[in-house]
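According to the numbering used here, the stretch in the first sequence is residues 672 to 1215, in order.
Even for Gly, the Cβ is constructed at its ideal location relative to N, Cα and C.
Bear in mind the structure is a predicted one, so any value in this text is a computation, not a measurement.
Below is one structure, written out as C-alpha cells, with a few remarks after it.
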Amino acid sequence: MPGTTELVAIFREIGDLLDLQGVRFKPEAYRRAARSLEALTEDLAGVAARGELRAIPGVGEALAEKIEEYLRTGAVPFLDRIRSEVPPGLLEIMRLPGFGPKTARRLWVELGIEGPGELAAALAAHRLDGLAGFGPRKIALLSAALAQVGGGPKRRPLVDAWRVAEGLLAAIRTGAPVDRVEVAGSLRRRRETVGDLDILATSTRPERVFEVFSALPEVRTVRMRGPTKETVELSDGLQVDLRVVEPAAFGAALQYFTGSKDHNVHLRSRARDRGLKVNEYGVFRGEERVAGATEDDVYAALGLPTIPAEIREDHGEIEAAEAGRLPTLVDAPDVRGLLHVHLERLGGTGGLPDAARAARRLGFEYLGVVVPEADGEVPALPRPSSGAPRIFLGIETARFPTGPPPGADFWVLRPAAGLAVPPASAPGDAAGPLLVAHLAAGVDSGAEPDRLRPWLALAAARPVAFEVTAGAGSEGLDSTFARQAVEAGAQLALGPGDVPVAAWERYRLAVGLARRAWAAPETVLNARPAEELARSWAARRGRG
DNA sequence: GCCGTTTTCGGCCCGACTGTTTTCAGTCG
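Right, dumping it as C-alpha cells:
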C-alpha cells in the first residue's frame, strides 16, 4: 500500500533531479512540500477527500494535483519523465559530501560522466585536471568522498547524541575561556534523531576556544575552522559545529542555530514584511540592532511571544504565537511520577528501596511498579516502608485486557508483533485503565507511520495513554504520532524507558518529545497528582 | 512551483567557509 512516506521520497527525488537539470526554485518547492507532508498529523487521503490539500504549507495547485494523482494511481508520472532525462548515477554524485548538483551537472555536461563508476575512472585517467574550477585540492576531496561512498554519517538516536553533547559541553566549560555554552540545532529541538551537533558559545577569545575544543580526545579531525565557526568530526563519526559569538548576539545566534530551517525562513520573511532583517547577530532595522542578546528579545522584536524550542518546526507554531494561542507545554517539573517501572530490570541490587530513593531524589510522588502477567495469580503489591513515594501496581500484558487488572491499579499493554487493534467498541472502560507501551517496537522508524494510525481510534473510544520514552524510534513513539495521539484525545505517559535507576533523569528527554507533540500538562497521565490517579483508578480496578 | 496587511507577478533567507580565485561560485546549515 503506497503511503505518505513514499510520496515524500518521490517529491525529494523530483527536487534532486530538477536540481541536476539546473532548474531554479522548483527543487526547494518540492522539498518544502515533502517536509510538510512528512510532518502531517493526519491521513493524507482524508485531507484530499475534504479538498484541503492546498492548505498544506508549500502545496499549491500543481502539487495538489500530483498528490491527488498519486493517491488515485499510486504513481507520479512527472517523476518517470524527469528520471528519463537525467542519468540516475548523477544523484549519487551530487550526494557526495561537499559536492552538490552544480558539480554533478558540470561533470555530466562537460565530461559525459553519468555516475560514480565513471567518475572514478575519469579521476584515475586525470580527465578532471585543468578543468576550470577543479584545482588539486578539490580533486583530492572528490576522490576521498568517492572512496567512502555509502559510509556517510548516519543520524543517531536523541539519547546517544545527548550523552555525547553533555560530555563535550562539560569539557568546553571547564577547559575553554567561555562565558556561556549551550546546545542548539535539532538536539535542542529534541528531534528523535540527530544528524550533527550544534554548540554555541560566547567568548572574547574564540581562537582559544577552538584550540581547546579541537584538542579534546573525542575529536578525530578538524574539518574546517574560521574566525567564528569550527566543524570537527568525532572518532565515532559524529559531526560537531561549534560557533562562538559575542554576548550581545547570543540570543540571536541561539535562535538562528536552533532552527528549524522552515521556522527560520518563515520568521525572516515575517521580519522583511516589517522592514526588519534577522540574522545570527540580531534583528536589524537598517544598521541598527534592535534585538539580539536573548531569544525573548528576538521574538519580541518580531511581535511574537517566545516560541518553545521543541516546536520550532514551522508546523503552525508561528501562526499560533501570533494569535496568542501557543499551548502551555508540559515541562519536566510537571511530571509527578513514573508509571512503568520494572523492579527486576532496574540494574541495581537495591530493588524497591533503591527505586524509592531515586524517585524522592527526582521529586516524584509516586511510582507505577509493573509486573508481568501471571495467569490466575494476584501479584503481591510491593510497598515501601516509609510513606513516599506512593506505589501503584501495573500488570504488563501482551493481549488486550477484557476485564479489570486483578489485584492491581492499571494495565500496561505491550503489544506483541502483529497484535490487531481491537474494534473501538470492544472492551471499553470496564477493562480498566490502560497504558500502551512500546507501541513502535518492531516498526522501523519512518517505515510506515500509517500502521500506527488505527490505534488513534482506540483513544477516541476509551481512556488510554501512550507511553513516550527517551528512546523514540526503537521502543517508543515519535513526536509526530504523539501529536496525533494528543489531537485524538489520548493521554501520554512519559518515562525514561527501560533503564537503570541511575539513568531515570532521562525522563526529561521524553518530556522534550512530548513538548514536540504540543502536549499540555493536562494531556500527560503522570503529570496528574497521585490522589487523582488513585481516585480514578480505584473506581475501576478489580480489588476493593 | 509557491506565495501575497505594500504584490495574482516577481520575488524567492542569509551568512560562513572552502577552493580557486584577483572578485566569486558552490555547498552547507
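- Three or more beta-carbon pairs drawn from the stretch 1168-1185 and the stretch 1133-1143 are found closer than 8 Å, and the two stretches are therefore classed as touching.
- For I784, the three-state secondary structure derived from DSSP is coil.
- Its chain contains A855, G856, D912 and F928 as the residues whose beta carbon lies nearer than 6 Å to that of D869, once the 5 sequence neighbours on both sides are disregarded; these appear in chain order.
- Here T977 has E966, D967 and Y970 as same chain residues with Cβ atoms under 7 Å from its own Cβ, once five neighbours each way along the sequence are excluded.
- Sixteen is the threshold: when 16 or more other Cβ atoms of the shown chains lie within 10 Å of the Cβ of E984, as they do, the residue is buried.
- Between the stretch 729-736 and the stretch 696-706, the count of C-beta pairs closer than 8 Å reaches three or more; the two stretches touch.
- If you compare the alpha carbons of V1001, G957 and G946 with that of G974, the shortest gap goes to G946.
- A direct Cα-Cα distance of roughly 47 Å separates S940 from A1201.
- Straight across, the Cα-Cα distance linking I784 with Y741 is about 32 Å.
- When the beta-carbon positions are compared, L1023 and G1166 stay at least 8 Å from each other.
- According to DSSP, P828 shares a beta bridge with T864.
- Counting along the chain, L1129 sits inside the alpha helix (DSSP H) bounded by residues P1125 to A1132.
- DSSP links R960 through a beta bridge to F955.
- For R702, the enclosing alpha helix (DSSP H) covers residues K697 to E709.
- Shown here for A1003: same chain residues with a beta carbon closer than 6 Å to its own, the five before and five after excluded, namely R1179 and V1182 in chain order.
- At least 8 Å separates the beta-carbon of E853 from that of L829.
- By the CB criterion at 8 Å, V679 and E709 fall inside the cutoff.
- Only residues of its own chain outside the window of five on either side were considered, and among them A1026, L1038, G1039, V1040 and V1041 have a CB closer than 7 Å to the CB of V1012, listed in chain order.
- Per DSSP, the continuous beta strand (DSSP E) segment holding F1063 begins and ends at R1061 to T1068.
- In the three-state reduction of the DSSP assignment, G930 falls in the coil class.
- Shortest Cα-Cα distance from L1196 to any of R1007, P759 and A836 involves R1007.
- Minimum Cα-Cα distance from L858 among the listed residues D867, P1134 and D850 corresponds to D867.
- In the structure shown, D850 falls within a coil segment according to DSSP collapsed to helix, strand and coil.
- By the Cβ-count criterion, H797 is exposed, with fewer than 16 other Cβ atoms from all chains shown falling within 10 Å of its own Cβ.
- With at least 16 other beta carbons inside 10 angstroms of its own, F1152 counts as buried.
- Annotation: G693 to L1129 spans about 48 Å, alpha carbon to alpha carbon.
- When the beta-carbon positions are compared, E1044 and R1061 stay at least 8 Å from each other.
- No Cβ-Cβ contact shorter than 8 Å links P918 with T845.
- Shown here for R725: same chain residues with a beta carbon closer than 6 Å to its own, the five before and five after excluded, namely A735 in chain order.
- L802 is a Cβ neighbour of E781, given a cutoff of 8 Å.
- The Cβ atoms of G963 and A992 lie no closer than 8 Å to each other.
- If you look at V1135, you'll find it isn't in any alpha helix (DSSP H); it sits in the beta strand (DSSP E) that goes V1135 to T1140.
- Approximately 6 Å separates the beta-carbon atoms of A1059 and R1031; this is inside 8 Å, confirming the contact.
- Classified as buried, A775 has 16 or more neighbouring CB atoms from the shown chains inside 10 Å of its CB.
- For I727, the three-state secondary structure derived from DSSP is coil.
- Pairing V961 with L925, the inter-Cα distance amounts to about 16 Å.
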